[in-house]
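Presented below is the structure to which this report refers.
Number of protein chains: 2
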Amino acid sequence: MRRAESLREVLENDIVTGTYPAGTRLDEVMLATRFNVSRTPIREALIELSGAGLVEIRPRRGAFVREIGITRLIEMFEVMADLEAMCGRLAARRIRVEELAGLEQAHEACIHAKADGDPDAYFHANQAFHEAIYKASHNSFLEEQALLLQNRLKVYRRLQLRVPNRISGSLSEHGQIVEAIKAGDSQRAAEALRQHVLIQGERFNDFVASVAGHVKSGSSRS
Amino acid sequence: MRRAESLREVLENDIVTGTYPAGTRLDEVMLATRFNVSRTPIREALIELSGAGLVEIRPRRGAFVREIGITRLIEMFEVMADLEAMCGRLAARRIRVEELAGLEQAHEACIHAKADGDPDAYFHANQAFHEAIYKASHNSFLEEQALLLQNRLKVYRRLQLRVPNRISGSLSEHGQIVEAIKAGDSQRAAEALRQHVLIQGERFNDFVASVAGHVKSGSSRS
DNA sequence: GAAATTGCTCTTGTATACAAAGATCGTTGA
DNA sequence: TCAACGATCTTTGTATACAAGAGCAATTTC
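In the order they appear, the protein sequences are chains G and D. With the numbering used here as the guide, the letters of the first sequence map in order to residues 1 to 222. With the numbering used here as the guide, the letters of the second sequence map in order to residues 1001 to 1222.
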């Protein structure tokens, strides 16, 4: 693998997990010394990240972790909801028996994670659940797009799990989604998924509004 | 503007218009001499293009114009149909009077282009028509995604206009779309747009199948 | 004292140099 | 004659060097 590509992965992770919060200037020499490489692979990694929308390159000014306004975030959730709805619609028609088994397993894993009271485990189990649906759409391009956008929204979805009772709600929605897909009801699967994702965007909106006065933007220290 | 960025635009255009057909190896030194620059900005442009999905970079092997198989193409049209449907659904609810006027104007332009028997003009008018709908969705992220995918499919959509009577069909579908949006019927607008785009994918499939035995893949000489 | 301009410095963007990994072609052996 | 191995040669990936634009500060002028 190219050095630039592995660097992209590390940087992507650092951005998504909040190590480099939105607005941070990503100095090339700083990163170069951090990773013990020259500026060249760093630049290439930053360009890749800008293509993925995680970083904004302002010519002659440098690279910055992209600031995503609340409006744009809601727009992204709106699109995510539609992509997931599409996955659900196709999955209801195209899912195979072994994939359905996998989906139900993922659902079970979510239930257990909630029972254990482990939000981190729930986050990952939830992700696996959704990815199972992407895959079951049997549209690899759609799957890629969904994964891409999911990744860009990861940090916000994670934040979103802090909303009280959200996990319970999420879980019962998962149940309905599984039922619809199992029944081959594409319309119902699509709508259930759309609402499931849309509600995240809305709740997130509430969440942001409720903490807007308390915490400074960017510094999300727990 | 950075040199790399302008190079990306030129290369993107060359790929989309078929100057560099699918599978072509994009030699860095060849491009560097062509544009009278060093390899550095060329490499950066290629990386950007790989992010956009137009170019595939195989490590230590070079950059190639991405080959899009018929299966993947159909998948992309399937996603495009859904994105456009979403644009239509939102546009039906959110379009403003001046935007509606613009949409109707774009529709008129399509009609005139057909009357003039100018397929090239129709192609551009058609594009403007669709872009008007993207914009009217009032979801700038969705608009960007739709434009991106539209661009990636451009060369195939263009080919698609050669199908007999396609323009007439396309035009009447446009009429129905405008009606639905005008009426604020989001469901009908979405469905009309989905079918309008899906039919392109299907017709394209037919088209490819019908010429598969006659022309060699890649060399699309008229 | 404030504002504007000029010069310096810091950082990005591009060119070039170097290293390493593939590809190609020839040679040798079976 | 064909296949396999090896050397060379091409090409990518990374490092370094150089150029040029942007920001900042200090000084000068009004």
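Virtual Cβ for every residue (Gly too), placed ideally from N, Cα, C.
Give the secondary structure of residue i by DSSP, where H, G and I count as helix, E and B as strand, and everything else as coil.
i: residue 1032 of chain D; result: helix
i: residue 181 of chain G; result: helix
i: residue 1053 of chain D; result: coil
i: residue 1069 of chain D; result: coil
i: residue 1161 of chain D; result: coil
i: residue 1102 of chain D; result: helix
i: residue 117 of chain G; result: coil
i: residue 8 of chain G; result: helix
i: residue 39 of chain G; result: helix
i: residue 1166 of chain D; result: helix
i: residue 85 of chain G; result: helix
i: residue 194 of chain G; result: helix
i: residue 1094 of chain D; result: helix
i: residue 63 of chain G; result: strand
i: residue 2 of chain G; result: coil
Tell me whether the beta-carbon of residue i lies closer than 8 Å to the beta-carbon of residue j.
i: residue 1190 of chain D; j: residue 1088 of chain D; result: yes
i: residue 1064 of chain D; j: residue 1058 of chain D; result: yes
i: residue 1022 of chain D; j: residue 1074 of chain D; result: no
i: residue 79 of chain G; j: residue 1145 of chain D; result: yes
i: residue 18 of chain G; j: residue 152 of chain G; result: no
i: residue 1194 of chain D; j: residue 1166 of chain D; result: no
i: residue 1042 of chain D; j: residue 1205 of chain D; result: no
i: residue 1104 of chain D; j: residue 1178 of chain D; result: yes
Please report the straight-line C-alpha distance between residue i and residue j, rounded to a whole angstrom.
i: residue 32 of chain G; j: residue 40 of chain G; result: 9 Å
i: residue 81 of chain G; j: residue 1044 of chain D; result: 33 Å
i: residue 1127 of chain D; j: residue 1150 of chain D; result: 9 Å
i: residue 117 of chain G; j: residue 168 of chain G; result: 11 Å
i: residue 3 of chain G; j: residue 1062 of chain D; result: 15 Å
i: residue 124 of chain G; j: residue 1012 of chain D; result: 37 Å
i: residue 1162 of chain D; j: residue 208 of chain G; result: 51 Å
i: residue 29 of chain G; j: residue 1056 of chain D; result: 28 Å
i: residue 132 of chain G; j: residue 170 of chain G; result: 16 Å
i: residue 1016 of chain D; j: residue 1119 of chain D; result: 18 Å
i: residue 174 of chain G; j: residue 1188 of chain D; result: 28 Å
i: residue 1001 of chain D; j: residue 1148 of chain D; result: 21 Å
i: residue 1210 of chain D; j: residue 1164 of chain D; result: 13 Å
i: residue 1122 of chain D; j: residue 1115 of chain D; result: 10 Å
i: residue 24 of chain G; j: residue 35 of chain G; result: 18 Å
i: residue 200 of chain G; j: residue 1060 of chain D; result: 42 Å
i: residue 143 of chain G; j: residue 1066 of chain D; result: 18 Å
i: residue 1172 of chain D; j: residue 176 of chain G; result: 39 Å
i: residue 1086 of chain D; j: residue 186 of chain G; result: 17 Å
i: residue 1090 of chain D; j: residue 90 of chain G; result: 21 Å
Let me check you understand the geometry: is the CB of residue i closer than 7 Å to at least one non-hydrogen atom of the ligand ADP?
i: residue 14 of chain G; result: With respect to the ligand ADP, the structure offers nothing, as it holds no ligand at all.
Can you give the beta carbon distance from residue i to residue j, rounded, assuming they're within the 8 Å contact cut?
i: residue 224 of chain G; j: residue 77 of chain G; result: An answer regarding residue 224 of chain G cannot be provided, because it is not within the stretch 1 to 222 covered by chain G.
i: residue 99 of chain G; j: residue 135 of chain G; result: 7 Å
i: residue 20 of chain G; j: residue 14 of chain G; result: 5 Å
i: residue 192 of chain G; j: residue 180 of chain G; result: 5 Å
| query | Quick one: any contact between the region 146-165 of chain G and the region 105-117 of chain G, if contact means 3 or more CB pairs under 8 Å? | reply | Result no; under three Cβ-Cβ pairs closer than 8 Å.
| Should the region 39-50 of chain G be regarded as contacting the region 4-15 of chain G, the criterion being three or more beta carbon pairs within less than 8 Å? | The answer is yes - the region 4-15 of chain G touches the region 39-50 of chain G, with three or more Cβ pairs under 8 Å.
| message | Closer than 8 Å is the cut-off here; do at least three beta carbon pairs connect the region 1089-1099 of chain D with the region 1127-1143 of chain D? | response | Yes: at least three Cβ pairs fall under 8 Å.
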